[in-house]
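Chemist:
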Amino acid sequence: MNMSFSHGGNVYDEEGKLKNWVDVSANINPLGLSEPVKEAIITSVDMLVHYPDPEARALKNALANHYGILKERLICTNGAAELMYIYFHTFKPKKVIIPVPSFDEYEKAAKAGGAHITYVYTQQDDFNSNLMRMAEAAGEGSVIILGNPNNPTGSLIKKEDMEAAVKEGIKKNLRFVVDESFLDFRYDEERFSVKNLTGIYKNLLVIRSLTKFFALPGLRLGFGTACEHDIKKMEGHKDCWNVNSLAQVAGTAALTDGEYIRESRRLCEAERVYMKTRLQEITEVHVTGGSVNFILIQLLRPYHTAEKAADYCKRHGILIRNCRNYRGLNGEFIRLAVRDRITNNHVIRIIKNYINNEKM
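Numbering-wise, full-length UniProt numbering puts 197 at position 197 of the sequence shown, and it's gapless, one number per residue.
#1: To the nearest angstrom, report how far apart aspartate 239 and methionine 84 are at their CA atoms.
#2: Apply the 10 Å Cβ neighbour rule to isoleucine 170 and answer buried if 16 or more other Cβ atoms are within range, or exposed otherwise.
#3: Considering Cα atoms alone, identify which of Val347, Lys359, Lys352 and Asn148 is closest to tryptophan 21.
#4: Based on the DSSP secondary-structure assignment, which residues constitute the bridge partners of glutamine 280?
#5: Is aspartate 179 buried or exposed, if buried means 16 or more other CB atoms sit within 10 Å of its CB?
#6: May I have a chain-ordered list of the beta strand (DSSP E) segments no shorter than 3 residues that lie completely inside the region 238-325?
#7: Can you name, in chain order, every residue of its own chain whose Cβ lies under 7 angstroms from the Cβ of tyrosine 87, other than the five neighbours on each side?
#8: Could you check what DSSP says for aspartate 46 in three-state terms: helix, strand or coil?
#9: Could you give the residue range of the beta strand (DSSP E) that holds valine 100?
#10: Measure from the alpha carbon of serine 155 to the alpha carbon of each residue in Gly290, Ala64 and Met162, then state which is nearest.
#11: Helix or strand or just coil, what does DSSP make of phenylalanine 88?
#12: Are alanine 250 and valine 49 close, meaning C-beta to C-beta below 8 angstroms?
#13: DSSP three-state call for phenylalanine 103: helix, strand or coil?
#14: Is it buried or exposed, lysine 202, if we count other Cβ atoms within 10 angstroms and call 16 or more buried?
#15: Please state whether DSSP places phenylalanine 185 in a helix, a strand or coil.
#16: According to DSSP, which residues form a beta bridge with tyrosine 121?
#17: Relative to the alpha-carbon of valine 285, which residue among Leu300, Ala26 and Asn293 has its alpha-carbon at the smallest distance?
#18: Contact check, phenylalanine 182 vs asparagine 27 under 8 angstroms by CB: the rounded distance?
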């Protein structure tokens, strides 16, 4: 087993064969692939005898139309995580500020680019990222990277607060990398997104993922938006065929499927509220976040061993996310992805059974 792999969604056995898990360890849209995406993939299989479009032109056109961003400010990547590595290899900042807890690929990508990391710890009662504290910890020319919403806590920063920090950061030559990989799940994403501000602020990169919302983790697809100068520099540091042909056609089809987008938001919002409410009824856990399609849970003593909870769930065919390897979280935290009503009730029932079993 690859001990360096620390994410959810590992649904394979020791021989690499797919197992039939109930997987709530990865935060993927429960609707799965849309029919137009499936059709686009099937009808495009013959494209595999050709190299993919190195400029991903059709995909960029779809992204520009859907998000209202100029094509010249877009870069397409093999998942959102690839863009983090491209960014740090391109600009090689000496110092990077990361709120804790956060998605651990931020740290890995920054270190791969040779940066020194400064961690700004958030308060466990709400895990809200303090932009002022991060700016104070940053030296001249530093990069602040953060998720909005944060993964795994789900904490959100309003657009006006983020913009104020980015604008103030110009005085200290600070750069901001804002990971908005989960904002597509919200009806009101415009209250939080700064993706349309990259034409104003040259110190801003916004990262988005199509993997999560459009259920494409097996294809890997993400993109970023920044000023045209930074986009050109990053394009020079990526593989020229980094986004494969099927990912390009799948992403293009997904972005034009308005019915799927609306139904996904409706389902995930309804089930997020339902699941959070049901979990809050369990006195032995503390529920945090729940702003998008995942919920962070603290198992209260004496039921606080996330590893034991994960093992119990696994024996019952369920994969949950043990958050022990997140910097700033201890062995008390697990994360659950929001799925459909039947699956959510099943997962909650198994969590309750685990706690009751520990009481015996």
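Where a beta carbon is used, it is the ideal one built from N, C-alpha and C, also for glycine. Just so we're clear, the structure is a prediction, and the values are computed from it rather than from any experiment.
Modeler: Taking the structure as given:
#1: 14 angstroms
#2: exposed
#3: Val347
#4: Its beta-bridge partners do not exist; DSSP assigns none.
#5: buried
#6: 285-288 and 294-299
#7: Val177, Leu205 and Met234
#8: helix
#9: 95-100
#10: Gly290
#11: helix
#12: no
#13: coil
#14: exposed
#15: helix
#16: Val100
#17: Leu300
#18: 7 angstroms
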